[in-house]
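Engineer: Residue numbers (this note's numbering): 141 to 250.
Glycine residues also receive a C-beta, built at the ideal position from the N, C-alpha and C atoms.
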């Protein structure tokens, strides 16, 4: 049986997914820029990625606050996917920071 979700609920989930996806893409692009020594571009991409990541979290926190205030939240696969995307972005961010740092150190050794 499939529960009907409201359009607003779906939009909230898609906001989380799309912002998470944009953040993850920017983190990957930042790594690619660092790989070729374009650290200023990598840093700009990291900052842009952070803005997307913060927006995904803001939307998610709003949803949590509504639930804490008594509004019923339907758990669905789309919400689970959105939260999974956010979690993977956190790992992408950590890995990007570390990989960029390693590229900088390698450049100093060369």
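#1: Assuming residue 189 contacts residue 166 under a Cβ cut-off of 8 angstroms, what Cβ separation, rounded to an integer in Å, is found between them?
#2: Check whether the Cβ atoms of residue 151 and residue 170 sit closer than 8 angstroms, and answer yes or no.
#3: Between residue 182 and the rest of its own chain, which residues show a CB-CB distance below 7 angstroms, the 5 nearest in sequence each way excluded?
#4: Buried or exposed: where does residue 215 fall if 16 or more other Cβ atoms within 10 Å of its Cβ makes it buried?
#5: Can you list, in chain order, the residues of its chain with a C-beta nearer than 7 angstroms to that of residue 179? Leave out the 5 residues immediately preceding and following it.
#6: Thinking residue 193 and residue 227 are a contact (beta carbons under 8 angstroms), I'd like their distance in whole angstroms, please.
Structural biologist: Concretely, from the data shown:
#1: 3 angstroms
#2: no
#3: 170, 173, 174, 240
#4: exposed
#5: 244
#6: Not quite, the Cβ-Cβ distance comes to about 11 angstroms (not below 8 angstroms), so this is no contact.
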